[in-house]
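For reference, the structure is listed below as structure tokens.
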Amino acid sequence: MRIKTNFNIAVEGLKIHRSRSFLTILGIVIGITAIMMVMSLGGGAQNLILSQIQGQVGSKVIEIRPGRQPKGPTDFLSIMFSDSLKQKDVEALKKKNNVPNLNGVMPLVFGSESAVYGSETYQATLYGMSDLAVKMYNIKPSSGRFFTEDEVKGYSDVVVIGSKIKEELFANEEALNQKIKIKGKNFRIIGLLGKKGQGTLLSFDDTIIIPYTTAQQYILGIKYFQHIIVEADTEANVNKVVEDIKITIRNSHNITDPEKDDFSVSSQADAIKMIGSVMSVLTLFLAAVAAISLLVGGVGIMNIMLVSVTERTREIGLRKAIGATDKNILTQFLLEAIMLTGIGGLIGILMGTFLSFATALILSKVAGLQWVFTFPISAAFLGIGVSVIIGLIFGIYPARQASMKSPIEALRYE
1 MRIKTNFNIA VEGLKIHRSR SFLTILGIVI GITAIMMVMS LGGGAQNLIL SQIQGQVGSK
61 VIEIRPGRQP KGPTDFLSIM FSDSLKQKDV EALKKKNNVP NLNGVMPLVF GSESAVYGSE
121 TYQATLYGMS DLAVKMYNIK PSSGRFFTED EVKGYSDVVV IGSKIKEELF ANEEALNQKI
181 KIKGKNFRII GLLGKKGQGT LLSFDDTIII PYTTAQQYIL GIKYFQHIIV EADTEANVNK
241 VVEDIKITIR NSHNITDPEK DDFSVSSQAD AIKMIGSVMS VLTLFLAAVA AISLLVGGVG
301 IMNIMLVSVT ERTREIGLRK AIGATDKNIL TQFLLEAIML TGIGGLIGIL MGTFLSFATA
361 LILSKVAGLQ WVFTFPISAA FLGIGVSVII GLIFGIYPAR QASMKSPIEA LRYE
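So this is what it looks like as structure tokens:
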């Protein structure tokens with residue numbers, strides 16, 4: 001019997017039991033839908049994060065952190081308490097003969113402090129930066145100004161605040177030129193940052209920015225830097241600058257063995273690559289978790305197909321009596337299982353695509369995120385392939401049981 005005939009018989013068998021067929025493929029539909037959504041939303045999140053890093057932090061920016069390059073949890077703890085980056089390192093980096101392609105150096109310190117105005121208090125993130133933050137982090141006050149190089153050198157008590165702090169402390173009052181207290185010291189507000197929104201990776205909405213010299217001396221009470229931010233003159237020279245930085249700081253710290261570095265250097269390209277890898281692994285992990293439902297769906301298909309074989313015993317006996325072979329019966333029921341899972345896979349892809357698109361639309365329009373819908377074509381092909389394989393694997397046993405039935409006993413079956 002030709003495959004076309006078996007195919008038509010299988011289609012008719014599914015049509016007769018539409019409700020059962022739909023319930024049978026529900027597990028496959030849910031599994032493929034979940035995988036499509038995880039892969040699509042994971043890709044969208046990765047694109048959002050990477051675009052924000054590239055948009056807010058220039059591609060020429062290089063970050064120097066205290067402590068060695070982290071290789072495990074204990075290394076992260078050592079970084080938190082490391083004080084290896086000092087003013088002498090900044091001065092060494094500024095020397096043209098050490099790093100010829102350097103365009104700027106900015107020490108960075110940070111912490112969490114309370115800002116007080118009248119009876120209002122707000123716990124904010126405090127950043128100590130230099131005037132180069134305007135260029136390196138694209139920080140532009142919506143009103144007022146940023147502090148100058150002279151104010152940094154003079155330990156000035158000036159501050160630039162984020163939009164959320166302005167709302168919490170001043171509400172509808174004018175905040176410019178007002179004074180807030182941080183750790184008992186008065187600071188004059190010289191600039192207000194515009195609302196960045198929740199879509200920004202490095203949101204400055206709830207931050208206080210003051211000269212790093214002032215932060216070290218009066219707020220944090222430290223003589224080291226938690227980061228040093230460096231900018232290369234061109235993107236093409238970033239890698240060269242990174243190597244020059246390593247040599248310069250090793251000389252400053254009297255380090256001869258690179259394995260004993262007490263600092264780490266990373267460019268934005270490194271950060272983007274690392275975040276991309278982490279997001280990809282996380283997305284694949286979540287997709288693998290979602291794929292467990294496909295196994296459940298496969299078991300469900302096998303159970304339903306076994307029930308179907310039992311219910312259609314007389315049909316099997318009749319077909320064998322008029323000339324159908326064991327192979328014909330096996331092919332028919334195997335085709336039914338593959339068609340069920342294949343249809344389930346297609347429905348799952350369509351549903352996953354629709355729900356992912358709707359979610360991306362909501363996130364971009366309602367939440368205000370720059371979220372772009374991505375169609376995971378690899379997940380679509382994977383979904384169809386896995387669906388067919390599941391139909392084949394979990395359909396073999398019921399199909400074999402059907403093909404082994406004796407025509408005489410099948411016709412006698414009540």
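Heads up: the sequence shown at position 199 corresponds to 199 in this note's numbering, and the numbers run straight through without jumps. For each residue, glycine too, the CB sits at the ideal point set by N, CA and C.
Whole-angstrom distance between residue j and residue i, CA atom to CA atom
i	j	result
Q332	N303	17 Å
A92	I210	24 Å
A358	G43	15 Å
V230	M106	6 Å
A45	I377	17 Å
L193	I384	50 Å
I349	F285	19 Å
K323	I362	At residue 323 the sequence reads Gly, which differs from the Lys that was named. Computed Cα separation, rounded: 58 Å.
A133	I139	6 Å
Y397	V38	32 Å
G191	T33	48 Å
K135	V99	19 Å
G395	K365	45 Å
S264	R68	5 Å
T256	I222	27 Å
V289	L295	11 Å
S143	S280	40 Å
D205	K195	6 Å
D262	A380	46 Å
N254	K88	12 Å
E149	Y155	10 Å
P66	F110	14 Å
F393	L330	First, the amino acid is wrong: residue 393 is Ile here, not Phe. Roughly 13 Å between the two C-alpha positions.
I236	Y137	Per the sequence shown, the amino acid found at residue 236 is Ala instead of Ile. Approximately 20 Å between the Cα atoms of the pair.
G391	E336	8 Å
N97	D244	10 Å
G317	T325	11 Å
Backbone secondary structure at residue i - three-state DSSP
i	result
K181	strand
L318	helix
E113	strand
G31	helix
M404	coil
L201	Residue confidence for L201 is low, a pLDDT of 46 falling below 50, so the modelled location carries little weight; the figure read from the coordinates is stated next. L201: coil per DSSP, three-state reduction.
F263	strand
N251	helix
S156	coil
Y212	helix
V299	helix
I329	helix
T234	coil
Residue j beta carbon less than 8 Å from that of residue i
i	j	result
N101	K240	yes
G297	I28	yes
V299	I338	no
T341	I301	yes
K60	T248	no
D131	F146	yes
I182	A115	yes
V187	V159	Here residue 187 is Phe; the residue named in the question, Val, does not match the sequence. Against a cut-off of 8 Å, the Cβ pair of V159 and F187 comes out as a contact.
Residues near residue i in its chain [Cβ-Cβ closer than 8 Å; skip 5 each side]
i	result
L41	S356, T359 and A360
S112	Q123, A124, T125 and L126
L77	In this prediction, L77 scores a pLDDT of 47, lower than 50, which makes its location untrustworthy; the coordinate-derived value is nonetheless stated afterwards. Excluding positions up to five away in sequence, the list is empty.
Beta-carbon proximity list for residue i, same chain, < 7 Å, skipping 5 on both sides
i	result
I343	I25
S267	I62, V238 and V242
M129	M106, L108, I209 and Y212
N47	V372 and T374
A291	G31 and I35
Neighbourhood of residue i by C-beta, 6 Å cutoff - its chain only, sequence neighbours within 5 removed
i	result
Y117	L169 and I180
I228	I64, L85 and P107
L306	P398
V90	V105 and P107
T121	S114
K164	D205 and D206
Test: residue i CB closer than 8 Å to a CB of chain D
i	result
L382	In the displayed structure, chain D is absent; only one protein chain is listed.
Practice task
Pair every Cβ in the segment 216-223 with every Cβ in the segment 163-177, then say whether three or more of these pairs are closer than 8 Å.
Solution key: no
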